[in-house]
Structure formats: C-alpha cells, structure tokens
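Below: the structure, in structure tokens.
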Amino acid sequence: MSWEIVTVLGMPLVGGGVLALVGHRRRAAEVNIALSVATFVAAGALVASVIRDGPIIALWDQFFVDSLNVFLVALTAFVSMTTAMFSRPYMRIEKDHGRLTAGRLRLYHSMYQLFVFTMLAVLLANNLGIVWVATEAATLTTVLLVSLYRTPASLEAAWKYFILCGVGIAQALFGTILLYMAAQRILGTGFEALLWTHLAGVRSELEPTVMAIAFVFLLVGYGTKVGLVPLHNWLPDAHAEGPTPVSAVLSGLLLNVALYALVRCKVLADGALGAPYASRLMMGFGLVSVVVAAFFLSRQRDVKRLFAYSSIEHMGLITFAFGMGGPIASFAGLLHMTVHSLTKSAIFFAVGHAAQKTGTQLIENIRGLINVSPTVGWGLMLGTVAILGVPPFGVFASEFLILTTAMREQPWATPFLLAALGVAFAAVFGKVQPMVFGESTASRLPHPPALVPVFAHVALVLTLGIYIPPHLAHWYREAARLIG
Amino acid sequence: MTELLSAALVGQIINMLASVLLLLSFAMLAQRRILSLIDLFAAQGFVLMLSTAFVGWATGQVHLYVSAAITLGLKVLFLPWVLHRLIRRLNVKWDVETLINIPTTLLVGIVLVILAFNVAQPVSQLAGTVTRGTLGIALAAVLLAFLMMITRSKAVPQVIGFLAMENSLFFAATAATYGMPMVVELGIALDVLVGIIILAVFFFQIRERFDSLDIRHLEKLKE
Amino acid sequence: MTEISWSGTIAQLTELALAILLAPLLTGWVNQCRAWLQNKSGPGLLRPYRLLRKLFGKDAVIAHGASALFRTTPYVLFGCMCMAAAIVPTLGTDLPYAPVADAIALVGILALARAALALAAMDIGTAFGTLGARREMMIGFLAEPALLMVLFTASLLSQTTSLATTVETLSQRDLAIYPSLAFAGVAFTMVSLAENARIPVDNPATHLELTMIHEAMVLEYSGRHLALVEWAASLKLFVYSCIGIALFFPFGIAQGGDAIGLLLALPALVVKLAIGGLLLALIETLSAKMRIFRAPEFLGTAFLLAVLALLIHAFLES
Chain C
408 MSWEIVTVLG
418 MPLVGGGVLA
428 LVGHRRRAAE
438 VNIALSVATF
448 VAAGALVASV
458 IRDGPIIALW
468 DQFFVDSLNV
478 FLVALTAFVS
488 MTTAMFSRPY
498 MRIEKDHGRL
508 TAGRLRLYHS
518 MYQLFVFTML
528 AVLLANNLGI
538 VWVATEAATL
548 TTVLLVSLYR
558 TPASLEAAWK
568 YFILCGVGIA
578 QALFGTILLY
588 MAAQRILGTG
598 FEALLWTHLA
608 GVRSELEPTV
618 MAIAFVFLLV
628 GYGTKVGLVP
638 LHNWLPDAHA
648 EGPTPVSAVL
658 SGLLLNVALY
668 ALVRCKVLAD
678 GALGAPYASR
688 LMMGFGLVSV
698 VVAAFFLSRQ
708 RDVKRLFAYS
718 SIEHMGLITF
728 AFGMGGPIAS
738 FAGLLHMTVH
748 SLTKSAIFFA
758 VGHAAQKTGT
768 QLIENIRGLI
778 NVSPTVGWGL
788 MLGTVAILGV
798 PPFGVFASEF
808 LILTTAMREQ
818 PWATPFLLAA
828 LGVAFAAVFG
838 KVQPMVFGES
848 TASRLPHPPA
858 LVPVFAHVAL
868 VLTLGIYIPP
878 HLAHWYREAA
888 RLIG
Chain R
1268 MTELLSAALV
1278 GQIINMLASV
1288 LLLLSFAMLA
1298 QRRILSLIDL
1308 FAAQGFVLML
1318 STAFVGWATG
1328 QVHLYVSAAI
1338 TLGLKVLFLP
1348 WVLHRLIRRL
1358 NVKWDVETLI
1368 NIPTTLLVGI
1378 VLVILAFNVA
1388 QPVSQLAGTV
1398 TRGTLGIALA
1408 AVLLAFLMMI
1418 TRSKAVPQVI
1428 GFLAMENSLF
1438 FAATAATYGM
1448 PMVVELGIAL
1458 DVLVGIIILA
1468 VFFFQIRERF
1478 DSLDIRHLEK
1488 LKE
Chain B
772 MTEISWSGTI
782 AQLTELALAI
792 LLAPLLTGWV
802 NQCRAWLQNK
812 SGPGLLRPYR
822 LLRKLFGKDA
832 VIAHGASALF
842 RTTPYVLFGC
852 MCMAAAIVPT
862 LGTDLPYAPV
872 ADAIALVGIL
882 ALARAALALA
892 AMDIGTAFGT
902 LGARREMMIG
912 FLAEPALLMV
922 LFTASLLSQT
932 TSLATTVETL
942 SQRDLAIYPS
952 LAFAGVAFTM
962 VSLAENARIP
972 VDNPATHLEL
982 TMIHEAMVLE
992 YSGRHLALVE
1002 WAASLKLFVY
1012 SCIGIALFFP
1022 FGIAQGGDAI
1032 GLLLALPALV
1042 VKLAIGGLLL
1052 ALIETLSAKM
1062 RIFRAPEFLG
1072 TAFLLAVLAL
1082 LIHAFLES
C-alpha cells in the first residue's frame, strides 16, 4: 500500500467534491490553488520515494510508477498547480467582464480538479482498462469546461470535442478488447491479463495478427486525443473557444497523457510484432500532422487557434520521434513532451491575458502589448521564441536531436520536417511580432495579471535547454530504453 | 450446466442472438421516428443482456451474470428512461433527419458489414471463446452505429448512435474474451452514466442558445 | 439424366392441376379472413370461383388501339404462372420436369409475366395503365434482387439452385436454428407482400385509381381476359405461398413420388396454406398502405435483410 500514490490520486478527487460544494464562493480560487499545491507536494513525495526505492507497484498491482511516468506525474501536478495560480486572477477578470457567473465558476473549479484526477489516473494506472476508463473520463470532465462561455461557437466546439473524441475513444476500447483477447491466451483470464507490467514481460509471445489489428484501433483511438491529423478536428475549436486555463491544460497535459497511453501500447505492439509496423504507422501519422499543421498555421486569424495548431505540430513531431525509436530519438521525444508542455501552457497564460486586455482573440486586433503591459508582452515573446525552437531553450535541444536522428535514419522525412518547421517559424513569428511590438490597442486590466506562472515555466524550459538534472536524465534514458 | 443443450445448439442460439443484434442495428439505421429509435436502443440492450446471461450460463462464468445485471439496469431501463424524459422536456419529437437518404444509408451499411466480417475473420479464429464467430457481427454493429452517428443531423440520434456503439463494443468484449475484468466493466458503466448526464446538461445548453437541436447550427466553425 | 417415371409425371401433373384449382380458394380464404378480422360477414369462400364463372361468360371488350400484345398477354400471364406452379414443390419433391427451370429461372418466369402485363397496360395508351406499369416496374426492380438473394441463401444451404433438391435437403436437416433462414424468411415475406400487391404496398380492394399499382394495369381488361388475369394473380399468390412453405416450413412434403406420401402431404399443405392465409389477412388488417415513395425503402429493407441472411450464412454457419 503506497500512501504516496493514494494521496496523489485522492487529493484532486476529494478536491473535486469539495469544490462542487463551495466552488461559487469568493475564496474558491484560493481553495483550488491550495488543493493543486497539495497535489504537487504529494507528487513530489512520490518522486522522492521513487528516487529512493526505484519503481513502485501498489494497490493490488493496479497502479504503478516507473521511469516513464514518474516525471510525467510530476509535470502534470506542477502545470496544474501553476495553471490554478494563473486561473485565479484570470477568472476574476472574466467574472468582472461579465462573461462568467458564480455558478459556472463552481462547475469550472470542481471539474478542474476532477480533470487533474483523471489525468493522474491515466498516468499511474497499470491496468490498461483503467487507462481507457480514465481517458474517457478526462474527455467527459472537459466537455462542459469547453462550453463554459455558452456562446454558439463554444457549444459547437464542445459538441465536436465530445463526438469526435467519444468516437475515437470507442475505437481505442475495441483495441483494448483485442489486446485483452491476445493477452488472455498467455496470461489467462482475470485482470492480470490487462496489467501493463505483466504484459510487457510476455510481449514477445502475444499473437501478432491480433496485436496488429489492435494497435491500429488503439492508434486511431488514442491518436484522436493526441490530435494527430486527420483526427485533429476537435483540437483547434476546443482550444479557441474554451477558457484559457482549460486551453492550457488541454494543450499542456491532456495531449501528453494520451500520447503516453499510446506509447505504452506501442511497446507491447513492438514486442509482439517484431517488424517496424507500429513504428511506421506512428512515423506516418506524426509526419503528416507536422506538415498539415504547419500548412494551416499561416492561415489562422485567431491567436488561440494559432497555438492550437502549433500543439498539433509539436505532438506530431513527438509521435514521429517515438516512431523512429532508438535511444536518442526516444530521449528527445520525452524531453520534448516536457518542454512543450511547459512552454505551451506559458504561452496560453500570456495569450489569455493579452486577449483580456484587448477584448478580442483576433491576431490583427491585438497590437503593441509591450507598451501597455511589458510583462505580458515579454512573456508572450519569450514563450513564442521558446516554442519555435530558438536556442538555448529546451525545445531547441529536443528538436535538434530529433532532426539529426531523422537525418541519419530516415533521411526521406527530413526535408518535410525542416520545411514544416521553417514554415511554422515564419508563420508564428510573423504573427506574434506585431502583436507584441507596435502601436498598442490594449487597455488596463481591473486586476493584476498572473505573471509568476509564465516566467516560472519559461525559466524551467531555459534551464532544461542547458542542463538536465541527473535524475531526470536517468529517467529519460531508462524510459527511452523501455520504448526501444 | 450445459448438459441440457448440446454444444452445437448453444452456438446456434448465440449466433441467433448476435444476428438479432445486427438486425436491430440496421433497424436503428433505417428508423425515422425518434421514439421508436429509443425503443430499438432499449431492445438492443435487452438482447445484449440476454446474450451475456446466456453465455454466462453456458460457460459457468458467474461474473457475466453481474455484467448482464448492470446492462439491464443501465442500458435497458435507465438510459432509455433518461432519453424519453429528455425528449419530453426538450419537446423535440421530430422525425430523424438524415444527411443521405435511407436506402443509400442501408446500402453503405451492407458494405460496412462485409468489411467488418473480413477484418474479423482472422481474429476470430484465434479467440478461445465459444462465441468467437460473433466478433465479426460485433465489429459490424460498431461500424453501423458509427455510420448512424455521422449521417444524422440532429443531436439526439447522434447520441443514440454513440450509445449503440458502446453497446456493440460491450458485445464484442463478451464475444472475444467473455467480458473484461469486473473493474474495467464497472468503470465503463460509470463512464456511460456520467456521459449521459453531461450530455443531458449539454443539450439544454444547446437548446437554450439555438432554440433547436439541429446539428447544422453547430457547423459554423471552419478550419 | 434422371429417369422420368410414370408416377413422377402423374405426380407433377396432379400438383399443377391442384395448384390451378386451389389458387382461387386461397384468395377467397384470405378475403374471408380479412372480413372476419374486420368484423364483417364476408363474401364467402367460393366467391372467386363465382367471379371467374361470371367473367368467362361475358364478352371481352377491347379498345380500338389495342394490339395483339394486349390480347395475348392474359394467356402469357396464365401460362407463366402455371409453369411456376409446376416447378415449385408443393406436395412432393420428386418432380421429373423440375430440371426445366431452377430457382433463378423461376424468378425469370415471374419477371416475364410482370413485363408482359406492364407492356399490355401501356399498349392501350391510357394514363392509368402507364401509371400502373411504371409503378409495377419500380416495385419489380427492387423486389427481384431481394427474391434472388433469398433463393440464393436457400441454395447455398443446399448447394444447388434446383428448388426440388433444395427443399429435399432442407427438410432432411436436423432441427436447428439458422439465423440466416430467419432473416431470409422475413425478407421473403416482405417481397411477397410487394409482388402480390398486398397492403402495405398496394391495396387490392381499392377503387381509387391514383393509389393503384396492380389494379391500374388491369383496368382495361374484361370478360375472359380479365378472368385469366385474375386467375393468374391468385395463382401467383399461391405460388409465392408455396415457395415460402417449401423453403421455410418443409415438413410434410413427400420425398419421392409414392402416392401415399402425396396423399398425406395434401392435408399438410392445406393446413399450412390456411395458416399462411390467416397471417396474410392479419398483416393486411394491422398495417396501413404506405405512400408510394416509401415503397423503395420497404423493398430496400427487404433486400438488405436478404443480403444479411446471405452474409450471416457465409460468415457464421460455414
């Protein structure tokens, strides 16, 4: 019985219930922050015990922590904490502008905590069936969050999100059923056959035909939630129409979590099939996502949709990296997951306040942020520069590693990747630069914006670009070896 | 327990129930009236429950009885009741509007059935259950529910298509692996329950904003 | 080449004569049941015979512009139906002349009859005739594939398209539940409702010309021509019922041509036809006639069920 795991999972679950009762009060945002800080502390304790004792399996083998998910758990807890900190002034301003009522804030706060709970459940679960259940639950908790503003566009975005992700997740369920079927022949009936740790042990004995079909369904299913093209239609709408903290956690955390589930399945598929079948599929989807997203980037007029497509591009790049496999590419993919999460959420924090200042999300109507609020302006600028892969930020390191591995092992893909990254750079930078500099149209905000989260994230990304802490590097290498 | 019926007869009864399930999926695809659609969905849940209970009886797996009970309570009784109430409260007893006409939809459905049978043929040889022949039917029912979702232009039939897809997946689980572990099945049932509650809330939001549940109002966002 | 025995020939001729004689009785029975179900006293079982006698005694009035096609169609129609009745195993499966036409040819014969009637209806040039002919062809183009699929399902089960052999194989199987046959049965019922101009596709008792399909085609016929057309229609109903009974309820049909078996098969046939007629009357009473534009959907569903039956047989039962 590992009390760290219980606390990490139990804290947001209890928090969701508490905020369902008091979420509309004046101090609800502070309670939210407190709960998120507590979750982060529990995650820290979990990380410490993993450093001390190595991988943990607990709660009748249903939950476990190994090198692949330990840093993701810490990342999720950290980003949800900083997003909660950001959401406090942001939501206060939204309420003052009249876009939200106290009742909706109650829904928002309780769903936020429950969402964090479902994400942590996906990360920590050993039972692949529970992984599926928690992913579906994550979708359900965020549907009502996306439609929080009740505008026609947000209702449409939430409906598309629900239907597309629901259908996708149903495919993943079929894949899980097929996986269970293949596993039963070796591990027998009962829930041991769905435990990842057991499956990883026998993965070379799983039936190849069944695993091949199962992996396709799992890729389509979880890939929908990762935002791989052509299953990505829900992503730009959900990011653009939901409140900014929701966009930040969707981009920063949920995409990572879905990709994590996919990678776990890929490990099993690789073991069963031997041939690079799963790798090729992932490389294909990843490359298509990068190219298509880069193409769409230049056509965006809404700043949040712009960065949503940027998320699709980066997740495609990470999927491509995992598809390539090998120690360097997998290491780079894991690093990229971390830094992208931090950077993208920082960008969304800055963008959220920028939109509040100018009252619009259209790029052409936001100008000269630096003149009115240097901190928001600089935050946006630094975040953009970081996400575009400028050294010495962490994104540059991971993209460099991915590109050099591609040049060595998959030279046919390199021109596409380089072209896409170049197009994305031009498009995003060309749109963000006039937003930050130039004549200003912004106004002052009634409450001071949240700035610590933005700069904290950017600072972390900068650090990770230069120096990776030894434990983290060790986990990256271990996990890369696991992914193969 | 199975001495009463020979193995061949057990297999035939299961095949019969699976065929009825497929027939109900097609019937939902061809249905015009929304109230009948909900009743067909309840009938599908009922057939599902019968087949789960029968497989449980024939193979002696007690946990399948529990699954059948959950199916009965959730999919035959609770969900149709919620849907009926929703329809009454939302005052939307219209005909189902389809994006392509019904005979064409049925023909596309046949093509999907052939596709599903082909995909499932190699897999079903490898399952170790008495119901393995019905895996193709389960996949076909999933694809038909999916077709139903994308060819409907009103919100409630889309949701019913989604729920029918969950039904078919559940049947696939029973066919391939005698059901998932209990924990997972409880989780899935919970998801479905929470999902329908969230959807009910969502429908009211849509109706409040648009005064109608026509999906075509929700197609303004592009790119 | 099978030996054509005397007993076999006599058996086949007996079956044909029986079909021709009993067909109007079946129609009378269906009408009587319908009347009973609607709480009326009904015209009596033998009314179709009285109708035929009356019509044969009258003069045939033919329009000026009618060609030889119009005059010969009733005979063609009656001849086709007789041929169909000859090859469908009603009493026994030992039919020496059955190899003349198998299941596919049967559908062809029925199609010939339909085409002849439609052409004759258009021959006169009246509006209603053409209307009926067009509608009949629309129904036919959808119903024929469905009927073919049903017959194919049965043929796949028995590995032959000869109806007699199919029935023999099906009646000798152990009692088993075949979902494919269940689906095919439902499809066949829908197809026969459409082909025999019954509610819910067409109302045989309607007098409103704009709602007619089959009746509109025979508006111009009178006298002996009309008698033959009506007789052919009852024969068609008889043939369809016998096909349905032979494929889905083949108990009691004699194997081989011995007289005792045939004699025992006769009451079985009568009972089954009576039950079938009652069910038909029930369906007609409980349903309402569909709009003509819904007929393709109805038949599309029948086709779909038939194809499903075929697929299920191919996938589940092999």
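Chains as they are written, first to last, in my numbering: chain C, 408 to 891; chain R, 1268 to 1490; chain B, 772 to 1089. Note that the Cβ used here is the ideal one computed from N, Cα and C, for glycine as well.
Is it the case that the region 1419-1438 of chain R contacts the region 1348-1355 of chain R, given that we only count it when at least three CB pairs across the two stretches are under 8 Å?
Touching, per the Cβ criterion.
Going along chain C in order, which residues have a C-beta closer than 7 Å to the C-beta of T1338(R)?
What T1338(R) touches in chain C: nothing, since even the nearest Cβ is about 16 Å away.
Taking the alpha helix (DSSP H) that A1325(R) falls in, what are its first and last residues?
Where A1325(R) is concerned, the enclosing alpha helix (DSSP H) stretches over 1301-1326.
Who are A534(C)'s beta bridge partners in DSSP?
Just to set this straight, residue 534(C) is Asn in the shown sequence, not Ala. Its beta-bridge partners are L602(C).
From what residue to what residue does the alpha helix (DSSP H) around I1455(R) run?
Start and end: 1449-1477.
Could you please give me the residues that DSSP links to R1419(R) through a beta bridge?
Per DSSP, T1365(R).
Assuming contact is defined by CB atoms lying nearer than 8 Å, are H646(C) and L660(C) in contact in what I supplied?
Contact flag unset, no.
Does the beta carbon of A1285(R) come closer than 8 Å to any beta carbon on chain C?
Not an interface residue.
Let me know the beta strand (DSSP E) ranges lying completely inside the region 436-475 of chain C, each 3 residues or longer, listed in chain order.
Listed in chain order, the complete beta strand (DSSP E) runs (minimum 3 residues) inside the region 436-475 of chain C are 463-465, 470-472.
Y883(C) and L742(C): beta carbons closer than 8 Å?
Yes, these two residues count as a Cβ contact at 8 Å.
Tell me which residues of the region 1450-1467 of chain R have at least one Cβ-Cβ distance to chain C shorter than 7 Å, keeping chain order.
Here the close residues are V1450, V1451, G1454, I1455, D1458, V1461, G1462, I1465.
Work out the CA separation of L990(B) and F758(B) for me, nearest whole Å.
Since the first residue of chain B shown is 772 and the last is 1089, residue 758(B) is not available in this structure.
Does DSSP put D873(B) in a helix, in a strand, or in coil?
Coil.
Go ahead and pull the three-state DSSP assignment for L769(C).
Reduced to three states, the DSSP call for L769(C) is strand.
When you check each C-beta in the region 1308-1332 of chain R against every C-beta of chain C, which residues fall closer than 9 Å?
Of all residues in the region 1308-1332 of chain R, Q1328 have a Cβ within less than 9 Å of some Cβ in chain C.
For E1490(R), which of helix, strand or coil comes out of DSSP?
Because E1490(R) sits at a pLDDT of 49, beneath the cut-off of 50, its placement in the model cannot be relied upon, and the point is left open.
Inspect the beta-carbon positions of G732(C) and F844(C) and report whether they are closer than 8 Å.
Not closer than 8 Å, so no.
Indicate whether the contact test is met: 3 or more Cβ pairs, each with one atom in the region 981-996 of chain B and one in the region 816-832 of chain B, closer than 8 Å.
With the cut-off at 8 Å, the region 981-996 of chain B and the region 816-832 of chain B touch.
For A1297(R), which residues in chain B fall below 9 Å Cβ to Cβ?
Simply E1068, G1071, T1072, L1075.
Out of curiosity, what's the CA-to-CA distance linking E885(C) and V444(C)?
Answer to the nearest angstrom: the Cα atoms are 28 Å apart.
Look at the alpha carbon of L1087(B) and the alpha carbon of L928(B), and state the distance between them as a whole number of angstroms.
Straight-line Cα distance between these residues: approximately 12 Å.
Can you give me the C-alpha to C-alpha distance between V697(C) and L952(B), rounded to a whole angstrom?
About 52 Å.
Determine the contact status of V1349(R) and I1463(R), defining contact as a CB-CB distance below 8 Å.
Against a cut-off of 8 Å, the Cβ pair of I1463(R) and V1349(R) comes out as a contact.
For the alpha helix (DSSP H) containing L1082(B), list its first residue and its last residue.
Segment 1066-1087, the alpha helix (DSSP H) holding L1082(B).
With 8 Å set as the bound, which would you pick, yes or no: does the beta-carbon of I880(B) sit closer than that to a beta-carbon of chain R?
Taking Cβ atoms only, chain R never reaches closer than 8 Å to I880(B), which makes this a no.
Going by beta-carbon coordinates alone, are V1450(R) and I412(C) separated by less than 8 Å?
Not closer than 8 Å, so no.
Taking only beta carbons into account, state which residues of the region 961-984 of chain B come closer than 9 Å to chain R, listed in chain order.
If the cut-off is 9 Å between Cβ atoms, the region 961-984 of chain B has nothing near chain R.
Under three-state DSSP, which class holds D503(C)?
It is helical.
Determine which residues share a DSSP beta bridge with A1025(B) and list them.
A1025(B) is bridged to G863(B).
Kindly list the residues whose CB is nearer than 7 Å to the CB of S942(B), restricted to its own chain and excluding five residues on each side of it in sequence; keep chain order.
Excluding residues within five positions, the ones whose Cβ falls inside 7 Å are P1021, F1022, I1024.
Name, going along the chain, the residues of the region 1368-1391 of chain R whose beta-carbon falls closer than 7 Å to a beta-carbon of chain B.
Flagged, chain order: I1369, P1370, L1373, I1377, V1380, I1381, F1384.
Measure how close the beta-carbons of L662(C) and V633(C) come, nearest whole angstrom, since I'm counting them as under 8 Å.
That belief holds up - the Cβ atoms of L662(C) and V633(C) are roughly 6 Å apart, short of 8 Å.
Answer with yes or no whether the minimum CB distance from I1301(R) to chain C is below 8 Å.
Not an interface residue.
List, in order along the chain, the chain C residues whose C-beta lies closer than 7 Å to that of R1476(R)?
Near R1476(R) (Cβ distances below 7 Å), the residues of chain C are R557, P559, L562.
Taking Cβ positions only, does L1289(R) come closer than 8 Å to chain B?
Closer than 8 Å: yes.
What do you get for K825(B), buried or exposed, if any count of 16 or more other CB atoms within 10 angstroms of its CB means buried?
So K825(B) ends up on the exposed side.
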